[in-house]
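Residue numbers (our numbering): 180 to 296.
Where a beta carbon is used, it is the ideal one built from N, C-alpha and C, also for glycine.
Worksheet: one structure, shown below.
Shown next, in the form of structure tokens:
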């Protein structure tokens, strides 16, 4: 399973994807359309034309994992469809994957200790 830890990088394809594509087809989309490396360990999120389906592609250091999820009686909340890729925080990805409105989740800010003095 995909563990949305603080170090996970998540990239979302903002346009719907042909959901007949499997691991190889989606890895090729990551390279050619997103300009990213599918073997980087990042999670790459794709949506179907129907907003009730999601595919997530991630390299787990031993192989490529493809997760396909379909919501029953609901739809995923998606950014406006446009060309390109959107970066998402692990917390936002976790909310999206659960079928929640990820826009309500604020990415964590890195806290820097105050300098004494």
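Kindly indicate which residue of the options has the alpha-carbon position closest to the one of residue i.
i: residue 219; options: 278, 241, 254, 201; result: 241
i: residue 251; options: 233, 195, 283, 211; result: 233
i: residue 239; options: 258, 221, 267; result: 221
i: residue 212; options: 190, 285, 274, 267; result: 190
i: residue 237; options: 254, 195, 265, 203; result: 203
i: residue 198; options: 285, 227, 214; result: 227
i: residue 214; options: 264, 284, 274; result: 264
i: residue 235; options: 261, 284, 196, 262; result: 196
i: residue 188; options: 284, 285, 271; result: 271
May I ask you to report which of helix, strand or coil DSSP gives residue i?
i: residue 215; result: coil
i: residue 191; result: strand
i: residue 199; result: coil
i: residue 186; result: coil
i: residue 222; result: strand
i: residue 244; result: strand
Would residue i and residue j be called neighbours here (beta carbons separated by less than 9 Å)?
i: residue 209; j: residue 216; result: yes
i: residue 201; j: residue 245; result: yes
i: residue 243; j: residue 206; result: yes
i: residue 229; j: residue 254; result: yes
i: residue 257; j: residue 267; result: no
Hey, could you find the ends of the beta strand (DSSP E) residue i is sitting in?
i: residue 238; result: 232-238
With a floor of 3 residues, list each beta strand (DSSP E) that falls wholly inside the segment 261-285, ordered by position along the chain. Within the segment 261-285, the runs of beta strand (DSSP E) at least 3 residues long that lie entirely inside it are, in chain order, 264-267.
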